[in-house]
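Visitor: Residue numbers (UniProt numbering), protein chains in the order written: chain A, 1 to 346; chain B, 1 to 346; chain C, 1 to 346; chain D, 1 to 346. Beta carbons: idealized from backbone N, C-alpha and C, even for Gly. One structure coming up, written as structure tokens, with questions to follow.
There are 4 protein chains.
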Amino acid sequence: MINVGIIGSTGYAGQELVRLLLGHKEVTIQWYGSQSYIDKKYYEVYGNMFQLVEDICQSDNIAELTNNVDVIFTATPQGYLAGLLTEDILSKVKIIDLSADYRIKDVKTYEEWYQIEHKSKSFIGEAVYGLPEINREKIKNARLIANPGCYPTCSTLSIYPLVKEGVIDANSIIIDAKSGTSGAGRGAKINNLYCEVNESIKAYGVTTHRHTPEIEEQLGYACGSNISIIFTPHLVPMNRGILITAYANMIKQMSEDDIKEIYDSYYKEEYFVRVLNSHVCPETRWVKGSNYVDVNYTIDKRTNRIIMMGAMDNLVKGAAGQAVQNMNIMFGFKESEGLLQVPMFP
Amino acid sequence: MINVGIIGSTGYAGQELVRLLLGHKEVTIQWYGSQSYIDKKYYEVYGNMFQLVEDICQSDNIAELTNNVDVIFTATPQGYLAGLLTEDILSKVKIIDLSADYRIKDVKTYEEWYQIEHKSKSFIGEAVYGLPEINREKIKNARLIANPGCYPTCSTLSIYPLVKEGVIDANSIIIDAKSGTSGAGRGAKINNLYCEVNESIKAYGVTTHRHTPEIEEQLGYACGSNISIIFTPHLVPMNRGILITAYANMIKQMSEDDIKEIYDSYYKEEYFVRVLNSHVCPETRWVKGSNYVDVNYTIDKRTNRIIMMGAMDNLVKGAAGQAVQNMNIMFGFKESEGLLQVPMFP
Amino acid sequence: MINVGIIGSTGYAGQELVRLLLGHKEVTIQWYGSQSYIDKKYYEVYGNMFQLVEDICQSDNIAELTNNVDVIFTATPQGYLAGLLTEDILSKVKIIDLSADYRIKDVKTYEEWYQIEHKSKSFIGEAVYGLPEINREKIKNARLIANPGCYPTCSTLSIYPLVKEGVIDANSIIIDAKSGTSGAGRGAKINNLYCEVNESIKAYGVTTHRHTPEIEEQLGYACGSNISIIFTPHLVPMNRGILITAYANMIKQMSEDDIKEIYDSYYKEEYFVRVLNSHVCPETRWVKGSNYVDVNYTIDKRTNRIIMMGAMDNLVKGAAGQAVQNMNIMFGFKESEGLLQVPMFP
Amino acid sequence: MINVGIIGSTGYAGQELVRLLLGHKEVTIQWYGSQSYIDKKYYEVYGNMFQLVEDICQSDNIAELTNNVDVIFTATPQGYLAGLLTEDILSKVKIIDLSADYRIKDVKTYEEWYQIEHKSKSFIGEAVYGLPEINREKIKNARLIANPGCYPTCSTLSIYPLVKEGVIDANSIIIDAKSGTSGAGRGAKINNLYCEVNESIKAYGVTTHRHTPEIEEQLGYACGSNISIIFTPHLVPMNRGILITAYANMIKQMSEDDIKEIYDSYYKEEYFVRVLNSHVCPETRWVKGSNYVDVNYTIDKRTNRIIMMGAMDNLVKGAAGQAVQNMNIMFGFKESEGLLQVPMFP
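Next up, the structure:
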């Protein structure tokens with residue numbers, strides 16, 4: 001049994017962490033951090049937690065927190081953790097950071113895309129990018145996990161095998177992504193009001209979204225060179241779910257069966273990645289509430305390109321679920337502990 | 001470990017049973033019955049079940065089924081179970097019927113509201129109305145459970161204590177109910193198409209909805225006489241959730257604190273009924289995916305009436321969850337086994 | 001051709017006024033008032049207006065505005081107009097106030113329910129409650145129109161004839177109302193975020209909603225006495241639309257045909273009120289984008305009560321459309337000018 | 001004043017035609033054709049039309065219809081019109097076909113993608129592809145209009161200028177399209193039920209959607225050669241709206257201002273195409289209910305590609321509105337007559 005603290009527990013990702021950890025057999029949540037709701041009962045912020053959580057929201061007393069828990073999840077704005085992390089903290093607790101602070105190894109790239117000065121560059125090197133299906137071994141002994149972004153998780157898992165195997169030209173990759181609205185967070189912004197989002201779809205952050213360099217870095221590792229891709233996110237009128245539709249030029253002639261073999265060889269043993277049957281398209285409704293990523297592909301012979309697709313719950317495998325998966329690996333728990341929710345439909 | 005069969009496993013309630021039972025420690029699903037999808041893989045009907053259920057949908061071979069399982073759930077159209085139930089079947093397996101066939105004790109009332117001739121009246125007497133918060137003792141030894149309707153569950157649990165304690169005039173009760181669209185089932189009907197339901201709300205079955213006599217019977221038991229109420233359901237553009245707003249004349253002068261005491265006395269020990277704090281209105285988002293019913297009330301001093309409210313997930317506490325709860329009681333499992341899902345938000 | 005100014009043109013009701021007035025043959029909008037977006041292009045606030053409105057949002061210079069237009073619409077927060085209205089203004093322009101400032105004749109009632117001190121009580125007397133189907137004659141010569149609230153419009157038109165004809169006991173009326181989310185306005189509040197509203201329904205303002213005394217006053221006129229009713233609004237996950245389901249005790253024995261005759265006698269000549277055919281329930285999808293109110297009813301013989309229903313677009317007949325209808329009457333235009341939109345479905 | 005007949009008036013596109021034509025000054029609808037609802041009142045099929053349309057749905061008596069109207073709209077399944085069209089019919093009435101029967105000039109391509117034998121090939125040659133912004137002159141004298149598909153309209157208008165001006169490599173085009181659910185029609189299919197579509201997004205028809213060759217043909221005209229593109233549609237949980245996000249390799253070095261000049265030169269005089277301001281992304285909410293297409297683009301310097309975007313209401317500019325626009329041109333009416341609806345938001 002370990003003790004857990006959550007900084008930023010009242011955002012959507014933080015609340016999802018609470019939902020998942022309440023069902024985790026090895027964990028007690030000791031600290032519900034929140035800047036906005038200090039001293040409020042947690043269930044007053046999230047009514048689903050009534051009679052499940054009696055705790056009160058705590059301010060961000062990192063020193064106190066560090067002495068009382070085994071692992072801290074930071075579901076906080078960019079720059080927050082970078083602004084306070086010290087060797088002393090890391091010597092006492094493990095940290096799983098759901099923000100982007102330690103995801104990108106090249107500080108210049110980070111500072112350019114995020115328009116923030118990085119305040120603790122020295123820890124970037126040791127931080128492990130927490131995508132278990134690719135970095136499981138490194139995660140085991142990490143002190144600091146950079147939990148991947150939602151879009152990068154779905155994109156990387158859907159595309160990685162074909163880049164790694166040299167099937168596609170990595171520089172030709174175009175990712176057209178669609179996300180439910182919980183990805184925009186719980187901030188009170190007009191653009192995220194019900195009437196503004198409902199009955200509409202739009203692209204946003206075209207050519208400028210911060211998840212672009214994160215995806216480029218991960219896929220770059222796969223092909224061994226720096227790459228440039230297009231990544232275009234869209235806002236969809238639904239609560240949860242990410243779908244990515246990715247396009248790339250094929251540089252090896254392969255049949256759909258050949259491709260299937262590649263995906264299977266990467267994911268056969270991966271509980272949370274489901275390679276769908278031939279020509280079944282991933283749909284976000286089939287993964288909602290679960291830690292699964294559903295992936296599949298279709299070859300377009302007419303243009304010699306391949307279309308790769310992935311569907312995932314942005315709050316689970318795209319945030320809180322993956323964070324718990326990382327924790328399980330770090331502490332030697334069963335990797336799927338607390339993450340066996342059957343996708344909820346409808 | 002017991003073996004379970006589901007007849008009607010490919011409707012929404014049947015699929016929800018599968019979702020819940022896959023997480024139940026004492027149960028193996030042996031039979032996925034379906035009239036519409038015989039010989040299809042279950043996961044081809046419900047993609048969320050990919051890699052979770054490898055079974056194939058079975059025809060309704062009740063004889064074979066009876067010999068192979070300990071309990072049968074029937075999530076079938078009205079009249080189906082009544083048309084085939086025999087003493088032989090009941091001597092071999094327990095049955096939890098999610099249809100209305102055995103809910104109403106007065107056959108005439110059943111036949112009048114359902115416009116169906118009841119084909120096995122002899123079992124109506126022994127069938128137990130499976131609302132554990134009220135009939136727990138009887139459920140323990142029942143062979144045949146009439147699993148309550150969605151609206152009656154939410155309505156009865158919200159109103160029952162005040163009728164039982166003589167606080168309100170039962171004949172003055174008006175229940176204005178609102179349901180998500182999964183309550184309408186998975187039949188291919190124009191009226192349930194996305195574009196027909198989305199961006200609209202309507203009442204339906206006004207003065208004629210079949211759940212009316214079911215609610216009247218249960219509340220009638222509470223006050224010891226036959227009663228007549230108004231029950232008006234509405235279709236809401238959302239997947240899951242029922243909210244009832246009920247109105248009644250107060251016949252005892254009581255403060256809101258007095259009322260609170262009554263509700264608490266009935267539900268303090270009930271894990272799945274949450275009496276909310278003063279003036280917090282139930283909302284369906286806080287119970288989604290869980291077996292909770294949230295109830296509360298407000299006294300309107302100006303008119304000497306009370307407004308009672310209840311929120312619930314129609315597929316869980318309103319159908320599959322309650323069925324599992326009944327099964328747990330019947331087989332001596334922990335009552336909450338398989339039902340501890342934290343409500344999923346957003 | 002008259003000139004029009006809108007104060008509060010960047011709220012949802014204000015924008016709907018712009019949509020309707022752009023299609024009105026006798027009107028030019030001269031003033032797009034907005035406190036929040038001064039000096040911004042109107043189309044930057046509402047992208048639908050791109051290439052339709054080139055104007056810039058203006059501050060609230062009431063003096064300048066008064067000299068330049070024939071009529072002012074105020075789609076402003078409670079208390080705003082009351083705080084600045086003068087005889088000088090009213091001597092120069094007509095005002096149609098979409099706020100509640102002049103709707104309630106009894107100042108005490110207003111101040112009690114709105115918790116605001118009324119700053120210009122002297123104009124309450126002359127203000128005309130702008131429900132054309134009831135007050136058409138008075139509207140013709142009014143200088144100041146109190147444009148009815150959304151719920152009161154739908155409720156009053158659905159219930160008024162039966163109160164007026166003594167068919168129902170006005171003090172037994174219970175109105176269970178359901179509204180789309182645009183009724184909550186465009187303010188940046190967490191409670192109105194997409195993920196908070198979507199997939200949920202709740203009651204709010206139970207026993208305390210400010211539209212209660214407004215409805216009571218109007219129905220009180222119909223029966224000639226002060227009445228107390230219950231009014232319970234609910235928030236529905238859709239953009240537009242109000243549905244009210246109202247219940248009352250019948251005090252005259254009448255058949256459904258008799259009731260039909262009464263409704264027809266009140267509304268046969270009313271273009272914007274549609275009395276539906278027997279047992280057809282109003283649905284908000286059939287009135288979306290239009291100025292129609294659809295009304296109907298069902299008698300419940302078992303309880304000797306009647307259920308009255310009304311559906312309407314809250315932003316049209318419930319706000320901007322009714323305001324335009326009032327303007328048309330005041331200026332001698334055809335009453336339906338600019339209001340002939342066919343309801344948009346789906 | 002001309003007389004109009006609609007075959008297939010009870011589908012979503014047919015109903016939208018009715019909505020638009022009811023507001024058209026030069027037109028009387030004489031014939032509400034429907035195979036499914038013969039002898040039913042039209043308003044019983046679409047409640048919004050209550051008190052607006054008293055007509056009864058007619059069977060498809062093409063001979064009688066031909067003698068009574070000036071123009072026929074066919075909003076019918078593929079192959080229907082091709083199966084009955086004759087020179088006699090075309091000598092008496094003009095036809096605007098909303099199906100795909102005459103859109104594709106190469107019969108082989110049609111028969112391959114639609115898996116239907118074309119029954120009246122002789123008329124394919126004379127049929128004019130009814131995209132007014134490109135084919136206005138030809139439309140004027142046409143007897144038979146092939147009204148473009150929804151996706152092809154949005155795609156072609158968004159991309160055409162850059163292909164025509166040789167800015168992009170037409171064979172590199174990838175169109176990632178997103179559509180509201182009304183595009184799937186009013187058929188009673190499980191896949192289009194509310195609970196199946198709501199809270200989900202998926203791609204469908206990947207590499208096989210029938211609109212692919214239609215777009216290829218139109219863009220092929222622009223560059224003067226046969227081209228192959230990728231077109232991937234997605235189903236979005238909303239009623240109306242299409243958004244396309246298109247990607248292509250730039251083959252001319254141009255600045256964003258240069259591109260702007262090209263778009264402006266094509267669309268400055270086009271009332272229904274709005275080229276948005278710099279870096280404003282099209283959103284379907286801003287065009288809902290109107291005949292507008294909003295287009296824009298962003299250059300991605302990192303990859304030397306351009307991202308083109310277009311938003312449109314699939315039922316208006318994507319079907320019924322464009323059909324009316326074509327009719328206006330054919331009969332010499334003002335091109336925007338009946339089509340000046342301001343986009344309805346929210």
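What would DSSP say about G338 of chain C, mapped onto helix, strand or coil?
Guide: In the third sequence, the residue the question calls residue 338 of chain C occupies position 338. G338 of chain C falls in the coil class under three-state DSSP.
Visitor: By Cβ distance, which residues of its chain are closer than 7 Å to Y110 of chain A, with the 5 residues on each side in sequence left out?
Guide: On the first sequence, position 110 is the one that residue 110 of chain A refers to. Counting only Cβ-Cβ distances below 7 Å, and skipping sequence neighbours, we find I104, H118.
Visitor: Please say whether T245 of chain A and F231 of chain A have beta carbons closer to each other than 8 Å?
Guide: The residue labelled residue 231 of chain A in the question sits at position 231 within the first sequence. The residue labelled residue 245 of chain A in the question sits at position 245 within the first sequence. Contact flag unset, no.
Visitor: Does the Cβ of K317 of chain A have 16 or more other Cβ atoms within 10 Å, making it buried, or fewer, making it exposed?
Guide: Position 317 of the first sequence holds residue 317 of chain A. Its Cβ being crowded by 16 or more others within 10 Å, K317 of chain A is buried.
Visitor: Which residue marks the beginning of the beta strand (DSSP E) containing W31 of chain D, and which one marks its end?
Guide: Against the fourth sequence, residue 31 of chain D aligns to sequence position 31. Taken as a continuous stretch (DSSP letters only), the beta strand (DSSP E) holding W31 of chain D covers 27 to 32.
Visitor: Please compile the residues from chain D whose C-beta is within a distance smaller than 9 Å of the C-beta of R186 of chain B.
Guide: Residue mapping note: residue 186 of chain B aligns to position 186 of the second sequence, counting from 1. Neighbours of R186 of chain B on chain D, chain order: I190, L193, C195, E196.
Visitor: Count the other CB atoms within 10 Å of the CB of D258 of chain D; is the residue buried (16 or more) or exposed (fewer)?
Guide: Looking up residue 258 of chain D in the fourth sequence gives position 258. The residue is exposed, with fewer than 16 neighbouring Cβ atoms inside 10 Å.
Visitor: Are the CB atoms of N326 of chain C and I190 of chain C nearer to each other than 8 Å?
Guide: Residue 326 of chain C sits at position 326 when you count from the first residue of the third sequence. Residue 190 of chain C sits at position 190 when you count from the first residue of the third sequence. 8 Å or more divides the Cβ of N326 of chain C from the Cβ of I190 of chain C.
Visitor: So, at 7 Å on beta carbons, what are the nonlocal neighbours of P77 of chain D in its own chain, with the 5 sequence-adjacent residues on each side left out?
Guide: Walking along the fourth sequence from the start, residue 77 of chain D turns up at place 77. The answer, listed in chain order, is S99.
Visitor: In whole angstroms, what separates the C-alpha of Y46 of chain A from that of E16 of chain A?
Guide: If you number the first sequence from 1, residue 46 of chain A lands on position 46. If you number the first sequence from 1, residue 16 of chain A lands on position 16. Approximately 11 Å, taken between the alpha carbons.
Visitor: Along the chain, which unbroken stretches of the alpha helix (DSSP H) at least 4 residues long are found entirely within the region 172 to 232 of chain D?
Guide: The alpha helix (DSSP H) runs lying completely inside the region 172 to 232 of chain D and spanning 4 residues or more are 194 to 197, 211 to 223, given in chain order.
Visitor: Can you give the Cα-Cα distance for I247 of chain C and Q218 of chain C, rounded to whole angstroms?
Guide: One-based indexing of the third sequence puts residue 247 of chain C at position 247. One-based indexing of the third sequence puts residue 218 of chain C at position 218. Reading off the sequence shown, one finds Tyr at residue 247 of chain C, where the question assumed Ile. So the alpha carbons of these two residues sit roughly 17 Å apart.
Visitor: Taking only the alpha-carbon atoms, compute the straight-line gap between R19 of chain B and D313 of chain B and give it to the nearest angstrom.
Guide: Taking the second sequence and counting its residues from 1, one reaches residue 19 of chain B at position 19. Taking the second sequence and counting its residues from 1, one reaches residue 313 of chain B at position 313. C-alpha separation (whole angstroms): 14 Å.
Visitor: Do I215 of chain C and S155 of chain C have their CB atoms nearer than 8 Å?
Guide: Along the third sequence, read from residue 1 onward, the residue named residue 215 of chain C stands at position 215. Along the third sequence, read from residue 1 onward, the residue named residue 155 of chain C stands at position 155. Yes, they are a contact pair.
Visitor: Classify R285 of chain A: buried if its beta carbon has 16 or more other beta carbons within 10 angstroms, exposed otherwise.
Guide: Taking the first sequence and counting its residues from 1, one reaches residue 285 of chain A at position 285. It is buried - the Cβ of R285 of chain A has at least 16 other Cβ atoms within 10 Å.
Visitor: With a threshold of 8 Å between beta carbons, is N326 of chain C in contact with chain D?
Guide: Mapped onto the third sequence, residue 326 of chain C falls at position 326. So no, N326 of chain C is outside the interface.
Visitor: State the Cα-Cα distance for the pair V4 of chain B and I124 of chain B, rounded to the nearest angstrom.
Guide: Looking up residue 4 of chain B in the second sequence gives position 4. Looking up residue 124 of chain B in the second sequence gives position 124. The straight-line gap from Cα to Cα measures roughly 23 Å.
Visitor: Pop quiz: Q51 of chain D and Y32 of chain D are said to be a contact at Cβ under 8 Å. What is the actual Cβ separation, rounded to whole angstroms?
Guide: Taking the fourth sequence and counting its residues from 1, the one referred to as residue 51 of chain D is at position 51. Taking the fourth sequence and counting its residues from 1, the one referred to as residue 32 of chain D is at position 32. Incorrect: roughly 15 Å between the Cβ atoms, too far for contact.
Visitor: For E199 of chain B, return the contacting residues in chain D, with the cut-off set at a CB-CB distance below 7 Å.
Guide: Counted from its first residue, the second sequence places residue 199 of chain B at position 199. Within chain D, the residues near E199 of chain B are N239.
Visitor: Find the nearest neighbour of Y271 of chain D within the set D:E196, D:S278, D:G289, D:D294, judged by alpha-carbon distance.
Guide: Residue numbering aside, residue 271 of chain D sits at position 271 when the fourth sequence is read from its first letter. The residue among D:E196, D:S278, D:G289, D:D294 with its C-alpha nearest the C-alpha of Y271 of chain D is D:D294.
Visitor: For the region 222 to 239 of chain C, which residues have a beta carbon sitting closer than 8 Å to at least one beta carbon of chain B?
Guide: Cβ proximity to chain B below 8 Å picks out S228, I229, I230, T232, H234, V236, P237, M238, N239 from the region 222 to 239 of chain C.
Visitor: In terms of alpha-carbon separation, which member of C:L193, C:A75, C:H234 lies closest to Q35 of chain C?
Guide: For the purposes of this step, residue 35 of chain C is identified with residue 35 of the third sequence, where counting begins at 1. Ranking the options by Cα distance to Q35 of chain C, first place goes to C:A75.
Visitor: Taking CB distances under 8 Å as the criterion, tell me whether C150 of chain C reaches chain B.
Guide: Here residue 150 of chain C refers to the residue found at position 150 of the third sequence. No - not a single Cβ of chain B is within 8 Å of the one on C150 of chain C.
Visitor: Report the neighbours of T181 of chain B on chain D: residues whose CB is nearer than 9 Å to its CB, in chain order.
Guide: Your numbering for residue 181 of chain B matches position 181 in the second sequence. Neighbours of T181 of chain B on chain D, chain order: L193, Y194, C195, N198.
Visitor: What residues match up with E283 of chain A in a beta bridge as DSSP calls it?
Guide: Numbered from 1 along the first sequence, position 283 holds the residue referred to as residue 283 of chain A. Note: E283 of chain A sits in a beta bridge opposite D:K202.
Visitor: Given a cut-off of 8 Å on the beta-carbon distance, is the pair G11 of chain D and R186 of chain D in contact?
Guide: Working through the fourth sequence from its first residue, we reach residue 11 of chain D at position 11. Working through the fourth sequence from its first residue, we reach residue 186 of chain D at position 186. A contact, by the Cβ cut-off of 8 Å.
Visitor: May I ask you to report which of helix, strand or coil DSSP gives G47 of chain D?
Guide: Taking the first residue of the fourth sequence as position 1, residue 47 of chain D is located at position 47. Looking at G47 of chain D - three-state DSSP - the assignment turns out to be helix.
Visitor: CA-CA distance, S265 of chain B and D300 of chain B?
Guide: Along the second sequence, read from residue 1 onward, the residue named residue 265 of chain B stands at position 265. Along the second sequence, read from residue 1 onward, the residue named residue 300 of chain B stands at position 300. S265 of chain B and D300 of chain B: Cα-Cα distance of roughly 22 Å.
Visitor: Can you grab the Cα-Cα spacing for the pair L21 of chain B / I145 of chain B, in whole Å?
Guide: Residue numbering aside, residue 21 of chain B sits at position 21 when the second sequence is read from its first letter. Residue numbering aside, residue 145 of chain B sits at position 145 when the second sequence is read from its first letter. Rounded to the nearest angstrom, the two C-alpha atoms are 18 Å apart.
Visitor: Based on Cα-Cα distance, which residue from C:S179, C:F73, C:I262 lies nearest to V163 of chain C?
Guide: Taking the third sequence and counting its residues from 1, one reaches residue 163 of chain C at position 163. The shortest Cα separation from V163 of chain C among C:S179, C:F73, C:I262 belongs to C:I262.
Visitor: State the start and end residues of the unbroken beta strand (DSSP E) segment that holds V163 of chain A.
Guide: As a position in the first sequence, residue 163 of chain A is number 163, starting the count at 1. No beta strand (DSSP E) contains V163 of chain A, which is instead part of the alpha helix (DSSP H) from 150 to 164.
Visitor: Anyone know if the C-beta pair for M49 of chain A and T28 of chain A falls short of 8 Å?
Guide: Position 49 of the first sequence, counting from 1, holds the residue named residue 49 of chain A. Position 28 of the first sequence, counting from 1, holds the residue named residue 28 of chain A. No, the Cβ-Cβ distance between M49 of chain A and T28 of chain A is not below 8 Å.
Visitor: Against chain D, which members of the region 46 to 79 of chain C pass a CB distance test of less than 9 Å?
Guide: Y46, G47, N48, M49, F50, Q51, L52
Visitor: Using 8 Å as the Cβ pair cut-off and three pairs as the minimum, do the region 327 to 339 of chain D and the region 166 to 180 of chain A touch?
Guide: no
Visitor: Let me see if you follow: with CB-CB separation under 8 Å, is residue 349 of chain C close to chain B or not?
Guide: Residue 349 of chain C lies beyond the residue range present for chain C, which begins at 1 and ends at 346; the question has no answer from this structure.
Visitor: Measuring only between beta-carbons, confirm whether L162 of chain A sits less than 8 Å from chain D.
Guide: For the purposes of this step, residue 162 of chain A is taken as the residue at position 162 of the first sequence. Interface with chain D (8 Å Cβ-Cβ cutoff): L162 of chain A is excluded.
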